[in-house]
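The sequence shown runs 48 to 551 under this note's numbering.
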Amino acid sequence: MEWFLIIVTIVMAFLLLLVNFYLLVLYCHPDDSGWGSSLVCKVFVIIGMTLTWAQVLMLPLDAANSRGLGEGLDMDFFWKFIYMLILIFGTLFIPFAQYYYESDDEKSVGQRCCAALYQQLCFVIIIALLLFISYAFLRFADIPIFISLKSCSQPTVFMNSDTPFTGVANSLQEDSEDTLEYEVSFPVYVMAFMSLFGYCLFVLFGGVGLTALPVDLIQEFINRPKKLTSAEGAQKKGSLRRKAFELIDEGNKIKDDQKDAIIQDGWWARYKEKRRVRTQFTKYKNAVLCLDRDYEIFKLELKYFDTNPIIWYFKFVFGIIFSILSFIWWLHILLFIVIRDSDGISASPFLNKILIGLEDGNAGFLCVGIFAFLCIYLLWCTQKGNIKFGLRIPILFSLHIMKVNETWMNTFLFNVQLMLICSVAVTQFCTKAFSQYIRLSTLNMLFTTQIQYLRFFTYLYSNNVFEIILLVWSVLTMIYLLIRRSDKPKMLKEIEEMQKLQFK
48 MEWFLIIVTI VMAFLLLLVN FYLLVLYCHP DDSGWGSSLV CKVFVIIGMT LTWAQVLMLP
108 LDAANSRGLG EGLDMDFFWK FIYMLILIFG TLFIPFAQYY YESDDEKSVG QRCCAALYQQ
168 LCFVIIIALL LFISYAFLRF ADIPIFISLK SCSQPTVFMN SDTPFTGVAN SLQEDSEDTL
228 EYEVSFPVYV MAFMSLFGYC LFVLFGGVGL TALPVDLIQE FINRPKKLTS AEGAQKKGSL
288 RRKAFELIDE GNKIKDDQKD AIIQDGWWAR YKEKRRVRTQ FTKYKNAVLC LDRDYEIFKL
348 ELKYFDTNPI IWYFKFVFGI IFSILSFIWW LHILLFIVIR DSDGISASPF LNKILIGLED
408 GNAGFLCVGI FAFLCIYLLW CTQKGNIKFG LRIPILFSLH IMKVNETWMN TFLFNVQLML
468 ICSVAVTQFC TKAFSQYIRL STLNMLFTTQ IQYLRFFTYL YSNNVFEIIL LVWSVLTMIY
528 LLIRRSDKPK MLKEIEEMQK LQFK
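In C-alpha cells form, the structure reads like this:
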C-alpha cells in the first residue's frame with residue numbers, strides 16, 4: 048500500500064507539472080513567450096499552479112492513505128510542508144516576481160530589484176504583523192470534551208439491596224462538559240490563517256462559479272457561430288466597426304476625465320472624481336471585452352465551414368453535466384452542513400454515504416476518483432467565478448482576465464497567487480463536506496480537532512458561517528444569471544440602442 052501511494056504521488060506530481068507547463072504555453076502572450084523572457088516568473092507560475100492543484104488532490108491521497116493497514120505515508124509532514132510552501136510562495140516569491148515584472152523595464156536590473164524589494168517589504172511587513180500578532184493571541188484551541196464519571200465508594204452497601212446494579216451505576220454517574228486548552232503548532236495556525244482569507248475569496252468566487260461555469264457553457268452553445276449570408280456578414284461587420292469607434296471615443300473621454308480628476312480642488316473632491324472615473328473605466332473594460340468576444344465569434348462565422356461544430360455540442364453536454372454537479376453540491380451543502388438538529392446531527396450524509404457505499408462495494412479506486420473530481424470541480428468553479436465576477440472587486444484590487452495567447456506574466460502571477468489562497472479554503476471546505484468519508488485522514492484530524500476550535504475561528508467554522516453564505520450567495524447568483532438573458536455590459540447596450548435609433 049505504501050509503495051503504491053508513493054508511486055501515485057510521484058506520477059501525480061509529474062503529470063501536474065506537464066499540465067501546468069501546457070497551460071502556461073497555451074495562455075502566454077506571444078511577446079512574452081520563450082524561456083529567455085521572464086524565466087523566473089514562469090518557473091514561479093508553474094510551481095504555484097502545481098501547489099494549487101496538488102493541495103486539492105492530496106486530499107483523496109490522504110483518504111486513500113488512511114485506509115492502509117500499515118503506517119503508510121507521513122501525511123502530517125506532507126500537509127504542513129505544503130502549507131508552509133504556499134505561505135512562502137504566496138507572500139514572498141510570487142509578489143516579488145509580480146512587482147519586478149511590472150517595474151519600469153528601462154531601468155537597470157539592480158534598480159528594478161530595489162523597487163520590487165521595497166514593495167515586497169511593505170507587503171511582507173503587513174502579512175507578518177497580521178500573522179504573528181494573531182498567532183500570539185489566537186494560537187489556543189478550546190477543544191470541547193465530554194466527561195462521564197461513575198463511582199461507587201462502598202459497593203457492599205448495595206449487595207443485599209433490591210436496587211439493580213444498573214440502577215446503582217446510573218444513579219452514581221456524573222456527566223459534565225468542559226474544554227481542553229491546546230496550543231497548536233505554528234504550521235497548523237498558518238493553515239487556519241490562510242484558510243480564513245481563502246474562505247472569503249472562495250465564498251465570493253466559488254458561489255458565482257457554481258452557477259456561472261455551467262450557464263456560460265450552455266450560453267456559448269446558444270450563441271455559437273452561425274452561417275451568415277453576404278448581406279448579414281457585411282451588416283454585422285459594420286455594426287462591430289461602429290461599436291469599436293464608439294468605444295474609442297468613450298476611452299478618450301475617460302482619459303480626459305482622469306486628467307480632470309487630478310486637478311480637482313480638495314482631496315475629497317479628487318477622491319470622489321477618481322472613484323467615479325475608476326467605476327466608468329471598469330464599465331469600459333467590460334464593454335471592450337464583450338465586443339472582443341463578439342468579434343471572435345464573427346471571425347469564426349466568416350469561416351463557418353472550417354469550424355468544427357462538435358466543439359459547441361461538447362460545451363452544451365458539459366454544461367448539462369456541470370449543472371447537475373452544481374445542483375448536487377448545493378444539495379449536499381444543504382443536507383449535510385446547513386440543516387442540523389439540536390444535537391448537531393446532519394439531516395443526511397448524502398455524498399458521504401454514496402462514497403462509503405462505493406468503497407464497501409470494492410470500488411475503492413473509483414470512489415477516490417469521484418472524490419477527487421468533486422474537489423477539483425470546486426476549484427474550477429472558483430477560477431470561473433474569479434473571471435465572471437467582474438474586472439474589479441470594489442475598493443480592493445483589479446482582476447486580471449486570462450485569455451488564450453493573450454495573457455501576460457503579471458496576470459499569470461496575480462491569478463496564481465489568488466488561486467493559491469482560494470485552494471486552501473477549497474481543501475478545508477471539502478474536508479468538512481466529506482468528514483464522514485475521510486474521517487480517518489490526517490487533514491480531517493487537523494481541521495476538526497484543532498483548527499475548528501481555535502479562538503475566534505471557532506465562531507465562523509463551528510457555526511458554518513461561510514458555508515451558509517456560500518449557499519445563499521450561489522443561489523442568488525443563479526437567479527440573477529437565469530433572469531438576466533444577456534450578459535452584455537450596460538455601456539455596450541447603450542451603444543447598440545443609439546445605433547438602432549440612427550438607422551431607423
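Backbone N, C-alpha and C fix where the C-beta goes; we use that ideal spot for every residue, glycine too.
Nothing here was measured: the structure is a model prediction, and the numbers come from that model.
Asked, Found
"CA nearest to the CA of TYR182, picked from TYR236, VAL103 and TYR148", "TYR236"
"Simplified DSSP state of PRO191, which is helix, strand or coil", "strand"
"Close beta carbons around GLU343, own chain, < 8 Å, minus the five adjacent residues each side", "none"
"Which of helix, strand or coil DSSP assigns to LEU443", "Reliability of the predicted coordinates at LEU443 is poor, the pLDDT of 49 falling under 50, and the value obtained from them is presented with this limitation in mind. Residue state, collapsed to three classes: coil."
"Spatially closest choice to LYS450 from PHE244, LEU336, LEU63 and LEU257, by CA coordinates", "LEU336"
"Residue of ASP312, MET122, TRP455 and PHE68 minimising C-alpha distance to ASP78", "TRP455"
"The region 87 to 96 in contact with the region 63 to 78 per 3-pair CB rule at 8 Å", "yes"
"DSSP-derived helix/strand/coil call for TYR331", "helix"
"Residues that SER223 bridges to, as DSSP identifies them", "ILE194"
"Of the residues GLN305, ILE57, ASN333 and GLY245, the one placed nearest VAL324, counting alpha carbons only", "GLN305"
"Burial state of LYS154, where buried means 16 or more other Cβ atoms lie within 10 Å", "exposed"
"Status (buried if at least 16 other CB within 10 Å, exposed otherwise) for GLY366", "buried"
"For ALA144 and VAL87, believed in contact at Cβ under 8 Å, the rounded distance", "6 Å"
"Touching by the beta-carbon criterion (3+ pairs, under 8 Å), the region 502 to 515 and the region 374 to 385", "yes"
"Residue closest to VAL72, alpha-carbon to alpha-carbon, out of VAL58, ILE57, LYS89 and PHE61", "LYS89"
"Euclidean distance between Cα positions of SER113 and ASN491", "11 Å"
"Cut-off 7 Å between Cβ atoms - residues of its own chain near ALA45, not counting five sequence neighbours on either side", "The requested residue 45 does not occur in the structure, where the chain is confined to residues 48 to 551."
"Which of helix, strand or coil DSSP assigns to SER482", "coil"
"C-beta contact flag for LEU294 and PHE369 at 8 Å", "no"
"Buried or exposed (CB count within 10 angstroms, at least 16 for buried), GLY253", "buried"
"Spatial neighbours of GLY416 in its chain, beta-carbon cut-off 7 Å, leaving aside the 5 residues before and after", "none"
"Identity of the residues DSSP links to SER85 by a beta bridge", "Answer is none; SER85 lacks a bridge partner."
"Which residues DSSP lists as bridging THR454, in chain order", "CYS75"
"DSSP-derived helix/strand/coil call for ARG387", "strand"
"Outcome for LEU518 when other beta-carbon atoms lying within 10 angstroms are tallied against a minimum of 16", "buried"
"Nearest-angstrom Cβ-Cβ length linking LEU104 and ALA419, presumed shorter than 8 Å", "6 Å"
"Residue range of the unbroken alpha helix (DSSP H) whose run includes ARG271", "Run containing ARG271: none; DSSP gives neither H nor E here."
"Pick from TYR351, ASP341 and LEU251 that is closest to LYS274, judged by C-alpha positions", "TYR351"
"Burial state of ILE133 (16 or more Cβ within 10 Å)", "buried"
"Pair within 8 Å by beta-carbon distance, LYS283 and LEU338", "no"
"For GLU348, the three-state DSSP class (helix, strand or coil)", "helix"
"Inter-residue Cα distance where the pair is ARG531 and LYS332", "20 Å"
"Beta-carbon contacts of PRO107 that lie in its chain and below 6 Å, excluding the five residues immediately before and after", "VAL415, PHE418 and ALA419"
"Contact set for SER242: own chain, Cβ-Cβ below 6 Å, skip 5 residues either direction", "VAL471, ALA472 and GLN475"
"Top-ranked residue by Cα proximity to THR489, from TRP100, ASP109, ALA101 and THR56", "ASP109"
"Nonlocal neighbours in the same chain, by C-beta distance under 6 Å from LYS400, ignoring five residues either side", "none"
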